[in-house]
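Enquirer:
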Amino acid sequence: MKICIVSDSHDRAQMLANAVQAAKDEGAEAVVHCGDVIGAQTLVPLIEIGLPVHVIHGNNLGDAMALWKLCKRSEGLINYYGADVNIELGGQKIFATHYPHYAKGIACLGEFDMVCCGHSHQAVVEKQKTINNGECWLINPGSVAGLGGAATWILADLASQTFEIRHLLDNK
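0 is the number of the first residue of the sequence shown in numbering that gives the first Met the number 0; add one for each residue after it.
#1: So what does DSSP say about residue 80, is it helix, strand or coil?
#2: Which of the three DSSP states, helix, strand or coil, is assigned to residue 130?
#3: According to DSSP, is residue 167 helix, strand or coil?
#4: So is residue 113 buried or exposed if we call it buried at 16+ other beta carbons inside 10 Å?
#5: In the structure shown, what three-state DSSP assignment does residue 17 receive?
#6: If you follow the alpha helix (DSSP H) that residue 182 is in, where does it begin and where does it stop?
#7: Is DSSP giving residue 55 helix, strand or coil here?
#8: Looking only at its chain, what residues have a beta carbon closer than 6 Å to the beta carbon of residue 171, apart from the 5 residues adjacent to it on each side?
The structure is reproduced here in structure tokens:
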């Protein structure tokens, strides 16, 4: 299973939609958004793209009620979890939070295959050692809005455990 991992869209709906559409075109079946959507309207174009979206809020919450209403209107496509989420996709246990320091701490526990975060606007893919002598993927897709640098997102292939940092303008 391939998934699209994004974060920090900061109301840039078209940039977010472009990344998700590019991921879908390459076989992605779901989206994990690691926070800082801000306005619920940012997610509206994703309904038409048709992939399930798992989203948390980050430090820029926006209007939580509008986000809940959008989830209801999306008929199950957009799923909002609050500050963090523990989900399973493609047989992988995934934890998503907005903050990298929190993500690193959760990854150390060894309870997840992958921990995703955002906030720093810097794309990073690394393995984190766990307290049970294992490893956990620690994934930060950077900012899909391109704030403070390149607009980035990650195409993850959960079956092969490959994670590609993509740049929005050239999709590489």
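Even glycine gets a Cβ: it sits at the ideal position worked out from N, Cα and C.
Expert: Once the coordinates are examined:
#1: coil
#2: Judged by DSSP in its simplified three-state form, residue 130 adopts coil rather than helix or strand.
#3: Looking at residue 167 - three-state DSSP - the assignment turns out to be coil, as it is neither helix nor strand.
#4: buried
#5: The answer is helix: DSSP assigns residue 17 an H, G or I state.
#6: The question about residue 182 has no answer, for the chain in this structure spans 0 to 171.
#7: coil
#8: Low confidence applies here, because residue 171 scores a pLDDT of 43, under 50, leaving its location unreliable and the question unanswered by this model.
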